[in-house]
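The opening residue of the sequence shown carries number 1 in full-length UniProt numbering; numbering runs sequentially from there.
Every residue gets a Cβ at the ideal spot worked out from N, C-alpha and C, and that includes glycine.
Model, not experiment: these values are computed from the prediction.
Note sheet for the following structure.
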Amino acid sequence: MSYSYAKCFDPNGARHGIPTFPWRCAPDGYATRRQLRARGLRPGGQPVAGQVLRPRYRRGPLVAYLYRLDCAKPVRPMTPAKRAALAKANTARRTCPQCRRDAGYVIPTSLGVCVPCAYPDDEQRAA
Numbered sequence: 001m002s003y004s005y006a007k008c009f010d011p012n013g014a015r016h017g018i019p020t021f022p023w024r025c026a027p028d029g030y031a032t033r034r035q036l037r038a039r040g041l042r043p044g045g046q047p048v049a050g051q052v053l054r055p056r057y058r059r060g061p062l063v064a065y066l067y068r069l070d071c072a073k074p075v076r077p078m079t080p081a082k083r084a085a086l087a088k089a090n091t092a093r094r095t096c097p098q099c100r101r102d103a104g105y106v107i108p109t110s111l112g113v114c115v116p117c118a119y120p121d122d123e124q125r126a127a
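Structural data, given as structure tokens:
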């Protein structure tokens with residue numbers, strides 16, 4: 001057993017407070033949020049049941065929290081109102097506040113406006 005593996009193996013939670021396992025070594029019955037979502041589940045208000053640690057050189061370890069599969073609940077279905085609200089929000093992210101046109105892409109927050117409005121001189125040179 002390597003030293004880094006031993007630092008991450010704490011199934012009783014004596015060292016870290018919750019059961020801790022090395023990366024890719026979580027026991028059956030536990031899953032991360034992404035793994036739950038892939039199965040059509042969500043944590044459903046349950047507390048974190050464990051964690052998986054991946055040590056890194058000169059930095060803190062990567063942490064993935066684990067949830068119990070038997071306590072997970074199904075994902076709530078998308079309602080028509082929620083679908084309409086998401087469509088409206090995405091349209092707002094694509095609309096330039098300066099020229100009021102649909103840019104065809106999500107406007108970067110660093111610019112705040114579409115690319116032609118941010119760099120009007122570049123468009124004249126290209127023509």
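Taking the Cα positions, Cys-25 is about 37 Å away from Leu-86. The C-beta distance from Gln-46 to Tyr-67 rounds to 6 Å, short enough to meet the 8 Å contact threshold. Less than 8 Å divides the Cβ of Leu-111 from the Cβ of Ala-118. Fewer than three pairs of CB atoms, one per stretch, sit closer than 8 Å, so the stretch 81 to 99 makes no contact with the stretch 55 to 67. The C-beta of Thr-79 has fewer than 16 other C-beta atoms within 10 Å across all chains shown, which makes the residue exposed. Here the alpha carbons of Val-52 and Arg-101 stand approximately 46 Å from one another.
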